[in-house]
Amino acid sequence: MSRIRTATVATAVASALLAVGTAGATSAAAGTTRGAVQPQTVTGDLIPNGADGTPHTLMCPPEESVLSGGYALTPQPGHTLAPLPADLLESRPNADASGWIVTVRKFQQTEDHNRYEPANLTLYVACTQGENTPGG
36 MSRIRTATVA TAVASALLAV GTAGATSAAA GTTRGAVQPQ TVTGDLIPNG ADGTPHTLMC
96 PPEESVLSGG YALTPQPGHT LAPLPADLLE SRPNADASGW IVTVRKFQQT EDHNRYEPAN
156 LTLYVACTQG ENTPGG
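Below is the structure:
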């Protein structure tokens with residue numbers, strides 16, 4: 036995708052998010068409760084060497100559904116992330132949308148570049164708060 040097209044898509048997405056946020060703020064200001072429930076973010080524990088290509092799942096609190104998810108990769112002390120890009124094998128909701136599954140492979144290297152091992156992994160999810168299904 037060209038840089039111009041990427042910038043155009045990013046601008047369109049940002050404009051749509053701004054319009055949705057403004058509409059929600061207007062409704063709240065008008066005294067309605069529609070859109071008052073905000074999603075909550077849940078941060079998982081650090082998984083040492085978790086970017087090893089095996090699936091990892093972070094669950095939402097009971098009775099809540101996942102809206103989206105993501106991850107962060109970090110090196111251990113005395114290591115740096117390897118220059119090769121990460122292989123994201125999957126990043127999706129689980130079967131009943133109660134959690135998010137991430138399978139990623141990314142290596143870290145010792146400062147002397149003699150040893151490689153999987154990087155640390157932290158998962159994040161955004162969950163419905165007070166609702167059991169999105170929009171419901």
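Everything in the sequence shown is counted per the numbering used here, starting at 36 for the first residue and increasing by one.
Backbone N, C-alpha and C define an ideal beta-carbon position, used for all residues, glycine too.
All values derive from a computational prediction rather than experimental measurement.
For residue i, count the other beta carbons within 10 Å of its own beta carbon; 16 or more makes it buried, fewer makes it exposed. Which is it?
i: Glu146; result: exposed
i: Gly143; result: Correcting the residue identity first, residue 143 is Gln in this sequence and not Gly. By the neighbour-count rule (16 or more Cβ atoms within 10 Å), Gln143 is buried.
i: Gly134; result: buried
i: Gly104; result: buried
i: Pro97; result: exposed
i: Arg38; result: Note that Arg38 has pLDDT 36, beneath the 50 cutoff, so the model's placement of it is unreliable and no number is given.
i: Glu125; result: exposed
i: Leu102; result: buried
i: Pro118; result: exposed
i: Thr163; result: buried
i: Pro83; result: exposed
Could you give the distance in angstroms between the alpha-carbon of residue i and the alpha-carbon of residue j?
i: Ala161; j: Arg150; result: 35 Å
i: His148; j: Thr115; result: 9 Å
i: Gly113; j: Thr157; result: 19 Å
i: Pro128; j: Ile136; result: 6 Å
i: Asp87; j: Ala121; result: 10 Å
i: Tyr106; j: Tyr159; result: 6 Å
i: Pro90; j: Val139; result: 8 Å
i: Thr109; j: Cys95; result: 23 Å
i: Leu123; j: Gly85; result: 13 Å
i: Glu152; j: Thr76; result: 29 Å
Which partner residues does residue i have in the DSSP bridge list?
i: Asn155; result: Thr109
i: Thr92; result: Ile136
Give me the Cβ distance between residue i and residue j, rounded to the nearest whole Å; I'm assuming they're in contact under 8 Å.
i: Leu81; j: Asn155; result: 6 Å
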